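A short worksheet on the structure shown next.
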């Protein structure tokens, strides 16, 4: 599967099971949620140097929360920029796609490093692994499995 196909496969209703492990205090948190991911076409970017590839709205059904993800990439670059917009806050990440159905998202601020790997096992099943490090020491890790329950929104 190629780059655009991976991003095309994110839309739909998903049931997600998330486990977060905090290494320092051996705390484990479990979370199950239903989310809807849909492509949005009405947000415009003013930047002339980057092309908008995909724009998604993630809707958490339980807490009625909406988050927007804008994937931007210059044509000749192997890396792109991901903007995560929640309420009035914008977070910036870098992303890269791999031909074996994987997207790598990362952020580095001061000495904190965040890595997220999204693996699309098939069109209806994805696995996400997240790692958080400070000064090369792991702080937390998480594992998310998601099953698409519907393509219709």
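Numbering (our numbering), first residue to last: 3 to 155.
Note that beta-carbon positions come from the ideal geometry of N, C-alpha and C, so glycine has one too.
Predicted model only: the values in this text are computed from it and were never measured.
Own chain partners of residue i with C-beta closer than 8 Å, once the 5 adjacent residues on each side are dropped
i           : result
residue 60  : 37, 38, 39, 68, 69, 70 and 71
residue 84  : 71, 72, 73, 74, 94, 95, 96, 97 and 107
residue 92  : 85 and 86
residue 140 : 25, 133 and 134
residue 143 : 22, 23, 25, 131, 132, 133 and 134
residue 137 : 113
Buried or exposed by the 16-neighbour rule on C-beta atoms within 10 Å, applied to residue i
i           : result
residue 88  : exposed
residue 21  : exposed
residue 145 : exposed
residue 81  : exposed
residue 114 : exposed
residue 111 : exposed
residue 105 : buried
residue 76  : exposed
residue 33  : exposed
Cβ of residue i within 8 Å of any chain C Cβ
i          : result
residue 55 : Chain labels in this structure do not include chain C; a single protein chain is all it has.
Bridge-paired residues (DSSP) for residue i
i           : result
residue 116 : 109 and 134
residue 37  : 16 and 62
residue 146 : 20 and 130
residue 87  : 70 and 92
residue 192 : Limits of the chain in this structure are 3 at one end and 155 at the other, which puts residue 192 out of reach.
residue 75  : 53 and 82
residue 29  : 24
Cβ-Cβ separation, residue j to residue i (assumed contact under 8 Å), whole Å
i           : j           : result
residue 55  : residue 122 : Not a contact, Cβ separation roughly 16 Å.
residue 19  : residue 62  : Contact flag wrong, Cβ pair sits at about 14 Å.
residue 57  : residue 41  : 7 Å
residue 11  : residue 125 : 5 Å
residue 149 : residue 31  : Not a contact, Cβ separation roughly 20 Å.
Nonlocal neighbours in the same chain, by C-beta distance under 7 Å from residue i, ignoring five residues either side
i           : result
residue 128 : 120, 121, 122 and 148
residue 152 : 14 and 15
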